[in-house]
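>
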Amino acid sequence: TKRSPLKPPPTPLTPPPQPRNPNQTPQRHTMASAYDREDGLAPPQPHGGGPADAYDPNYVPDSVKTFVVHLYRHIRDKNVYEIHQMYEGGFQRLSDRLFRDTPWPSAEAVAPYCDGDHVFLLLYRELWYRHAYARLSPLTASHRSESWNNYCDLFSVVLHGVVNMQLPNQWLWDMVDEFVYQFQSFCQYRAKLKNKTEDELQQLKQFDKAWNVYGVLNYLQALVEKSMIAQILEREKEGLESFTATDGYDYQGGSNVLKVLGYYSMIGLLRIHCLLGDYHTGLKCLAPINLNQQGVYTIVIGSHISTIYHYGFANLMMRRYVDATKEFNKILLYIIKYKQYHQKSPQYDQILKKNEQMYALLAICLSLCPQNKLIDENVSTQLKEKYNDKMTKMQRFDDEAYAAYDELFSYACPKFITPSPPVLDQPLTNYNQDAYRLQLKLFLYEVKQQQLLSGIRSYLKLYSAITITKLAQYMEMDEATLRSV
Numbered sequence: 006t007k008r009s010p011l012k013p014p015p016t017p018l019t020p021p022p023q024p025r026n027p028n029q030t031p032q033r034h035t036m037a038s039a040y041d042r043e044d045g046l047a048p049p050q051p052h053g054g055g056p057a058d059a060y061d062p063n064y065v066p067d068s069v070k071t072f073v074v075h076l077y078r079h080i081r082d083k084n085v086y087e088i089h090q091m092y093e094g095g096f097q098r099l100s101d102r103l104f105r106d107t108p109w110p111s112a113e114a115v116a117p118y119c120d121g122d123h124v125f126l127l128l129y130r131e132l133w134y135r136h137a138y139a140r141l142s143p144l145t146a147s148h149r150s151e152s153w154n155n156y157c158d159l160f161s162v163v164l165h166g167v168v169n170m171q172l173p174n175q176w177l178w179d180m181v182d183e184f185v186y187q188f189q190s191f192c193q194y195r196a197k198l199k200n201k202t203e204d205e206l207q208q209l210k211q212f213d214k215a216w217n218v219y220g221v222l223n224y225l226q227a228l229v230e231k232s233m234i235a236q237i238l239e240r241e242k243e244g245l246e247s248f249t250a251t252d253g254y255d256y257q258g259g260s261n262v263l264k265v266l267g268y269y270s271m272i273g274l275l276r277i278h279c280l281l282g283d284y285h286t287g288l289k290c291l292a293p294i295n296l297n298q299q300g301v302y303t304i305v306i307g308s309h310i311s312t313i314y315h316y317g318f319a320n321l322m323m324r325r326y327v328d329a330t331k332e333f334n335k336i337l338l339y340i341i342k343y344k345q346y347h348q349k350s351p352q353y354d355q356i357l358k359k360n361e362q363m364y365a366l367l368a369i370c371l372s373l374c375p376q377n378k379l380i381d382e383n384v385s386t387q388l389k390e391k392y393n394d395k396m397t398k399m400q401r402f403d404d405e406a407y408a409a410y411d412e413l414f415s416y417a418c419p420k421f422i423t424p425s426p427p428v429l430d431q432p433l434t435n436y437n438q439d440a441y442r443l444q445l446k447l448f449l450y451e452v453k454q455q456q457l458l459s460g461i462r463s464y465l466k467l468y469s470a471i472t473i474t475k476l477a478q479y480m481e482m483d484e485a486t487l488r489s490v
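One point on numbering: in the working numbering, the residue at position 76 of the sequence shown is 81, and numbering is uninterrupted.
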């Protein structure tokens, strides 16, 4: 078996190359122009963009060969800037031009262009399956199981090997984010049993070990523990580490992969526990990250938004409305200021969707616990434009108010999951909405509990503003008698 160059040899003859500062503008490699030109890519071969049934997994267009060769070289050289350019730009453009509705070539087909490197092919497959999830549907249980196995292999290499590479934070965040998304997607897929064919049901039985909730949680927790990221962040407070100052990169010739994956896994665990309805555990997993200051989670906007969205939602469900309001206000103000710089990003649509959902959650928080002094004027203006009528209704706590709470919660909540596998021998029914209905029921119960507090709040507000003279008139007695009561 060929040793992976992405793992260091037992006795390296020369020091490993120093990673490039990701904030430094490097000299562009002339060879990169073949796939990374401003005007796009080489003309697409007839294979690209064709119907799915014409897909040949062994056919590798020249543009893909060039892409693989250069991406592999840049990963070996730890050239973070060029890796990021190819990952964010080149891969997306190739997908748009050549693989709009077909998969990329198989890992086996591109293996000759990366010396058959095991670690690189695991990374390539991760991109392959992510592209398939985004553009090809529906995916079978077999495809989902294969993607799970690839993540297991990739994370096992990171956990148990010595990975000698540096990858951009964006890619490492996307790995964790996609890992959680595919778990969530699989849980939703297997919960929709009613219209499944016999073949699909048979595949569910065959791949019943794939995307097991304990396996998913264990991998993320293992990344957190093996990376020792909680201890690193604690030492950083004492000035003994510079993890945040270097954006998680290692400038001493080492690797950032394990540490940054461990860091983002804390956010992934928060998200999964929110999907499961275990908000206390989710917040506990995120505790090592200080949200009151800039951190590695703020470098990638997808990570930043996901962190605050799930943190705010967990606090909302735990009745910590002030904490949720503060964080929603900060992230919404950030999006107002900086969303224009992300318009060309593949995540732009997701940014806008989460933005709208967080305004809905903020409207709920302020209706249940008015804290208008905590809201920035720009955020308040946007909020009134979107939800002023609904917030007025929600103050009344009648049937119309409950309907408004129901609507906003249903729109803004995560897609809750039932992690247990189905019993396929019983009559087949869809149960993909069960977890959502339970969380909605618990939320509306809490809203009804708040009704009494709303009445008390109104009386306190009245009594804190009314004059003694006015109050005496209402109670039909003179001021002296009122003061003596």
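Just so you know, even glycine gets a beta-carbon here, dropped at the ideal spot from N, CA and C. Nothing here was measured: the structure is a model prediction, and the numbers come from that model.
Using the Cβ count rule (16 or more neighbours within 10 Å means buried), how would you classify P173?
P173 counts as buried, since no fewer than 16 other beta carbons sit within 10 angstroms of its beta carbon.
> Would you list the residues sitting across from K420 in a DSSP beta bridge?
Bridge partners of K420: none, in fact.
> Do the CB positions of W153 and W216 come within less than 8 Å of each other?
yes
> Can you tell me the Cα-Cα spacing of D255 and V262, whole angstroms?
9 Å
> Could you tell me the boundaries of the alpha helix (DSSP H) in which E246 lies?
Looking at the DSSP string, E246 is not in any alpha helix (DSSP H), and its letter there is neither H nor E.
> From which residue to which residue does the alpha helix (DSSP H) around D122 run?
No alpha helix (DSSP H) contains D122, which DSSP labels as neither H nor E.
> In chain order, what are the residue ranges of uninterrupted beta strand (DSSP E) at least 3 long that sit wholly in the region 184 to 226?
List check, beta strand (DSSP E) in window: nothing returned.
> L191 to L245, Cα distance in whole Å?
Note that residue 191 corresponds to Phe in the displayed sequence, not to Leu. Roughly 42 Å separates the two Cα atoms.
> Measure how close the beta-carbons of Y129 and A112 come, nearest whole angstrom, since I'm counting them as under 8 Å.
5 Å
> Give the secondary structure of N334 by DSSP, where H, G and I count as helix, E and B as strand, and everything else as coil.
helix
> Evaluate contact between the region 153 to 172 and the region 194 to 201, counting only Cβ atoms and requiring at least three cross-stretch pairs below 8 Å.
no
> Report the residue from V85, Q345, G95 and K83 whose alpha carbon sits nearest the alpha carbon of T71.
G95
> Using the Cβ count rule (16 or more neighbours within 10 Å means buried), how would you classify I80?
A residue is called buried once 16 or more other Cβ atoms fall within 10 Å of its Cβ, and I80 is buried on that count.
> Give the DSSP-derived three-state secondary structure of G53 in the structure shown.
Confidence in G53 is poor, its pLDDT being 43 and thus under 50, which makes the residue's placement too unreliable to answer from.
> Kindly give me the distance between the Cβ atoms of D182 and G307, rounded to whole angstroms, as I take these residues to be in contact under 8 Å.
6 Å
> Please classify P117 as buried or exposed, where buried requires at least 16 other C-beta atoms within 10 Å of its C-beta.
exposed
> Count the other CB atoms, across all protein chains shown, that sit within 10 Å of the CB of P87; report buried if there are 16 or more and exposed otherwise.
For the record, residue 87 in the displayed sequence is Glu; it is not Pro. Buried.
> If you draw a straight line from the C-alpha of L281 to the C-alpha of Q345, how long is it?
34 Å
> Between the region 298 to 313 and the region 263 to 279, do at least 3 Cβ pairs fall closer than 8 Å?
yes
> Please specify which runs of the alpha helix (DSSP H), each continuous and at least 4 residues long, are wholly inside the region 352 to 377, giving them in chain order.
353 to 373
> Take T486 and list the residues in its own chain whose beta-carbon comes closer than 6 Å to its own, dropping the five residues that flank it on each side.
Annotation for T486: no residue places its beta carbon closer than 6 Å to its own, counting only its chain and skipping 5 residues before and after.
> Cutting at 8 Å between CB atoms, please list the residues of its own chain near K420, excluding the five before and the five after it.
Q189, Q193, L280 and Y441
> Mind checking whether F104 and H148 have CB atoms under 8 Å apart?
Not closer than 8 Å, so no.
> If you check the beta carbons only, do Q456 and F414 fall under 8 Å apart?
no
> Round the Cβ separation of I313 and I336 to the nearest angstrom and send it over; I've been treating them as touching at under 8 Å.
4 Å
> Report yes if the CB atom of D179 is closer than 8 Å to the CB atom of P426, and no otherwise.
No, Cβ-Cβ distance for D179 and P426 is not below 8 Å.
> What separation, rounded to the nearest whole angstrom, lies between the Cα atoms of Y339 and E332?
Those two C-alpha atoms are separated by around 11 Å.
> Let me know the secondary structure DSSP gives N437 once reduced to three states.
coil
> Along the chain, where does the alpha helix (DSSP H) that runs through L502 open and close?
This structure does not reach residue 502, given that the chain is present from 6 up to 490, and the question cannot be answered.
> DSSP three-state call for Y479: helix, strand or coil?
In the structure shown, Y479 falls within a helical segment according to DSSP collapsed to helix, strand and coil.
> Beta carbon of I294, beta carbon of G300: below 8 Å?
yes
> Would K391 pass as a contact of Y353 if the rule is Cβ separation under 8 Å?
Not a contact, by the Cβ cut-off of 8 Å.
> Under 8 Å between the Cβ atoms of V163 and L76?
no
> I'd like to check one pair, I422 with N383: are the Cβ atoms closer than 8 Å?
no
> Could you check the C-alpha separation between Q400 and T386 for me, to the nearest Å?
19 Å
> Of all the options Y224, Y92 and S232, which has the alpha carbon lying nearest to the alpha carbon of S161?
Y224
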